[in-house]
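Going by numbering that gives the first Met the number 0, the first residue of the sequence shown is number 0, and it counts up by one from there.
We put the beta carbon where it would ideally sit given N, CA and C, even for glycine.
Since we're looking at a predicted model, the values are computed, not measured.
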Amino acid sequence: MDGSGEQQRGWGPFGRPIFDHPDAQALSRVGVIDIGSNSVRMVIFDGAARSPAYFFNEKVMCGLGAGMGETGRLNPEGRVRALAAIRRFHALAEGMGIPPLTATATAAVRNADDGPEFCADIEATTGLKVYVVDGEEEARLSAQGVLVGWPGATGLSCDIGGSSMELALLEDGGVGERASTSLGPLRLKTIPGGRKARRAEIDKVLDRLADKLPPHKRLYLVGGSWRAIAKLDILRRGYPLHVLHDYHATPAQLRKTLDWLRGRDLEEVRAQAGLSSARIALVPVAGEVLRRLMKKFGTKEVWISAYGIREGMLYEQMSDLIRARDPLIEAARFDEAQNARVPGFGRTLYDFVLPLFRSVRPDKQRLIKAACLLHDVSWRAHPDYRGEVCFDNATRSNLGGIDHQGRVFVGLALLHRYRNAAPGSHLEPMVELLSDKDRQMAVVLGKAMRFGAMFSGNIPEAMCRVEYRPKKKELKLILPRAAAVLYGEVAEARFKSLASELGCEIEVRLAGD
């Protein structure tokens, strides 16, 4: 089966879930160890291959690159801590039955005099062969991580680690020119002469980069120091959704946050933002780099990526078939298959609600598809809280291919799928991220799903259908005779609620009459 039948039914390339394909099954559990200049992390990916879930995710802030500028060697204490962490990760992966781990090391290990010796120690104690990537390869893998979340990304990808910073050009979903620099905050902190000397070094390096990479209005930021700055921007602005992936800001906003940080007690700010001491210590220097970077490359908008080199390594193993899929739809299909009471009904429900949304743009159509697939995956939650649980899952879960407004749109629709009431005051700040038009559309979608779910026996031929004439303010329900018995008083009340939201008069008739 190639899914062509489902494609003809209107789902396009989303007709057949990719997680059932042999290429995806081979990626169902992939473990990666990333040995960076500041942290060592193991991630085990699981689930829908195109939108990977984090089955296991643990890091240790080892600081391998601390002091390398003076000694040329890995930090001795960091080396001991890193080796202990890697031994633990290897033992955990073996206990979970994970296929052989992929271990990669970046700037600190590749530049240190004792880097080869450290890799030999890892192989001797765990059997893991460490793949030490050069700077341009690191830039490529990191940019591929961005593509996991934004399949058609166009702009500049910038990954900052402790000892290096990599840039790559993204054009229509592909990785182009790339470059590696030594502008990592751990290394910059060791430059004699303080802030003035750092600025001169940063400008010198960026001038060279500008000869290789073109300016671009969009900048995708990858790496812990960039994410820390985003957390601080969220804190300063009082932004209501604390999800870093797909958070975006203007250069002016970020400069304002960096100005706000000056003179503040870093420990106090660290506690408020939920950052580690090791991370907050690097933020001021990383901020100096970001200011000059945005200016040099003419940045107009900045997007934060939670995906980076580890996800890029997973992307490396994906077939073209998997890469071409929409990560949001694949994740929703997988969630439905695993958790819905009636897997597959989301497709039937989408067909039912579609007449209400025929004029909406394709970017909204895919959000409607995702909401229908997710409409029943939280049914195990207590009925009194099911709506809020759905909202939380949509707005805070690990999803790629969806921005913050999209998360809130799907969350609000799912909330109204389970209750006929407005969001509570604690959710209202997030709902305010939507325009009035999108907010009303989400409510209509939720009420349509709430009514359509009354026919969830998943017998498509017994499913009712609606005809919507917005100019005439008419909403007609056509019931197959086999489904007439399902249109009880609760279903009738839900249909009237949907019609009221649309401002329509209703008509109900049996098919064939």
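DSSP state of L101, grouped into three classes?
It should be noted that the sequence gives Thr, not Leu, for residue 101. Residue state, collapsed to three classes: strand.
Suppose the cutoff is 8 Å on Cβ atoms and the five residues either side in sequence are ignored; what does the same chain contact list for E504 look like?
For E504, where only same-chain residues beyond five positions count, the Cβ hits under 8 Å are K472, E473, L474, A498.
Under a three-way DSSP split, which group does G77 fall into?
Correct three-state label for G77: helix.
When the Cα atoms are used, what is the spatial distance from D319 to A331?
Their backbone Cα atoms lie some 20 Å apart in a straight line.
Taking the runs of the beta strand (DSSP E) that are 3 residues or longer, which of them lie wholly in the region 185-231?
Correct list: 217-221.
In the DSSP output, which residue or residues are listed as bridge partners for E57?
E57 is bridged to M41.
Pull the bridge partners of A509 from the DSSP assignment, please.
Checking the sequence shown, residue 509 turns out to be Leu, not Ala. Per DSSP, L478.
Distance check for I228 and A119, CA to CA, integer angstroms please.
Distance between the alpha carbons of A119 and I228: 36 Å.
In or out: K211 buried (at least 16 other Cβ within 10 Å) or exposed?
Its Cβ having fewer than 16 others within 10 Å, K211 is exposed.
Do P326 and V465 have their CB atoms nearer than 9 Å?
Against a cut-off of 9 Å, the Cβ pair of V465 and P326 comes out as no contact.
Could you tell me whether the region 166-181 touches the region 189-199, where touching means 3 or more Cβ pairs closer than 8 Å?
Result no; under three Cβ-Cβ pairs closer than 8 Å.
With a cut-off of 8 Å on the beta carbons, I'd call P239 and M440 a contact; round off their distance for me.
About 20 Å separates the two Cβ atoms, so there is no contact after all.
Which whole-angstrom value is the C-beta distance of E335 and L366, which I expect to be below 8 Å?
That pair is no contact at about 15 Å.
Check this for me: beta carbons of P354 and F390, under 9 Å apart or not?
No; because the gap between Cβ atoms is not below 9 Å, this pair is not in contact.
State the start and end residues of the unbroken beta strand (DSSP E) segment that holds R28.
Counting along the chain, the beta strand (DSSP E) containing R28 begins and ends at 28-34.
Which residue marks the beginning of the alpha helix (DSSP H) containing M440, and which one marks its end?
Note, M440: alpha helix (DSSP H), 435-451.
Quick check: A323 and P150, are their CB atoms within less than 9 Å of each other?
Cβ atoms of A323 and P150: closer than 9 Å.
With L169 as the anchor, note down where its beta strand (DSSP E) starts and where it stops.
Element bounds for L169: 164-170.
Return yes when the Cβ of N37 is within less than 9 Å of the Cβ of G161, no when it is not.
Yes, the pair counts as a contact, with Cβ atoms nearer than the cut-off.
Give the secondary structure of L274 by DSSP, where H, G and I count as helix, E and B as strand, and everything else as coil.
Coil, per DSSP.
I'd like the list of long-range same chain contacts for E500, defined as Cβ closer than 7 Å, with 5 residues on each side in sequence excluded.
Excluding sequence neighbours, E500 sits near V442, V443, K446.
What did DSSP end up calling H247 once you bin it into helix, strand or coil?
In this structure, H247 counts as strand in the three-state DSSP scheme.
May I have the straight-line CA-CA distance separating D133 from L432, to the nearest angstrom?
Whole-angstrom Cα-Cα distance: 41 Å.
Excluding sequence positions up to five away, which residues of its chain have a Cβ less than 8 Å from the Cβ of A492?
Hits under 8 Å: none found.
Give the single residue among A393, A152, A482 whose Cα lies nearest to the Cα of W302.
Looking at the Cα atoms, A152 is the closest of the given residues.
Going along the chain, which residues of its own chain have a beta-carbon closer than 8 Å to the beta-carbon of R508, five neighbours each way excluded?
For R508, where only same-chain residues beyond five positions count, the Cβ hits under 8 Å are K475, L476, I477, L478.
Is it buried or exposed, A102, if we count other Cβ atoms within 10 angstroms and call 16 or more buried?
Classification for A102: buried.
Can you say whether M0 is buried or exposed, counting buried as having 16 or more other CB atoms within 10 angstroms of its CB?
With a pLDDT of 25 at M0, under the threshold of 50, the predicted position of this residue should be treated as unreliable, and no value is reported.
With a cut-off of 8 Å, do at least 3 Cβ pairs link the region 266-278 to the region 173-185?
Cβ pair count under 8 Å is below three, so no.
Contact check, S224 vs A285 under 8 Å by CB: the rounded distance?
Yes, they are in contact, since the Cβ atoms of S224 and A285 sit about 4 Å apart, within 8 Å.
Given this structure, state the Cα-to-Cα distance separating I233 from Q252, to the nearest angstrom.
If I take the Cα positions, the gap works out to 10 Å.
Can you give me the Cβ contacts of S50 inside the same chain, cut-off strictly under 6 Å, excluding the 5 residues immediately before and after it?
Excluding residues within five positions, the ones whose Cβ falls inside 6 Å are P326, E329, A330, G399.
What is the DSSP secondary structure of W378, reduced to helix, strand or coil?
It is coil, neither helix nor strand.
Does the Cβ-Cβ distance between G114 and V131 come in under 9 Å?
Going by C-beta atoms, G114 is nearer than 9 Å to V131.
E466 lies in the beta strand (DSSP E); which residues open and close that run?
Residues 464-468.
Over what stretch of residues does the alpha helix (DSSP H) that includes Y417 continue unbroken?
First-last of the alpha helix (DSSP H) with Y417: 403-417.
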